[in-house]
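Heads up, the thing below is written out as structure tokens.
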Amino acid sequence: MDEVGQLSLVRQMDIVFKELDDELAGLSSGTVFVQIRNNVVGKFGIRHNPIAGKGGTFGAVEPGLSVDHRADFRRMALDTLNHKRSWTHGEIAFDFAIRQGTILVDATLESNYNMANLMIRYNKPTYRAAKSE
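When we follow our numbering, the leftmost residue of the sequence shown carries the number 522, and every step to the right adds one.
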């Protein structure tokens with residue numbers, strides 16, 4: 522198999538959702554997070570919403586995402602990549618919940634930059650000359 526870095530980000534995201542499929546089948550809400558470094562997926566997973574307990578017991582377990590919900594979720598996650606612009610490091614978080622039988626997904630894209638890396642680029646003679654003008 523190819524190295525992960527040789528796969529497109531869309532293909533990597535598809536693999537993420539295939540890996541999380543069984544876990545999503547048991548959840549009705551939560552947050553899927555995907556960390557990206559150099560356009561390569563690194564750490565990913567699900568932050569489960571709190572399980573509420575009262576009087577020493579937990580409530581009934583809600584049914585998780587159906588096959589159709591999971592397919593819709595995966596499709597929306599892949600479509601979210603169309604909104605990613607130029608950044609190579611960051612995180613995408615997908616908050617999801619089932620409301621009235623429909624899956625709702627809110628995606629948050631977060632870009633990350635490192636000043637140490639930028640200083641290397643901006644310390645080159647070309648940038649120093651432009652800065653002094």
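Where a beta carbon is used, it is the ideal one built from N, C-alpha and C, also for glycine.
As the structure is a prediction and not an experimental result, all values here were calculated from the model.
Asked: Taking only three categories from DSSP, how would you classify residue 552?; Found: strand
Asked: When DSSP builds the beta bridges, which residues end up paired with residue 562?; Found: 557
Asked: Just verifying my parser: in three-state terms, what is the DSSP assignment at residue 539?; Found: helix
Asked: Restricting to Cα atoms, I'd like to know which of 543, 641, 534, 639 is closest to residue 590.; Found: 543
Asked: When we look at the beta-carbon of residue 621 and count the other beta-carbons within 10 Å, is it buried (16 or more) or exposed?; Found: exposed
Asked: Look up residue 626 in the DSSP assignment and give the residues it is bridged to.; Found: 617
Asked: Among 595, 587, 584, which has the Cα closest to the Cα of residue 553?; Found: 595
Asked: Report yes or no: do three or more beta-carbon pairs, one from the segment 593 to 607 and one from the segment 528 to 535, lie closer than 8 Å?; Found: yes
Asked: By the three-class DSSP mapping on this structure, what secondary structure does residue 601 have?; Found: helix
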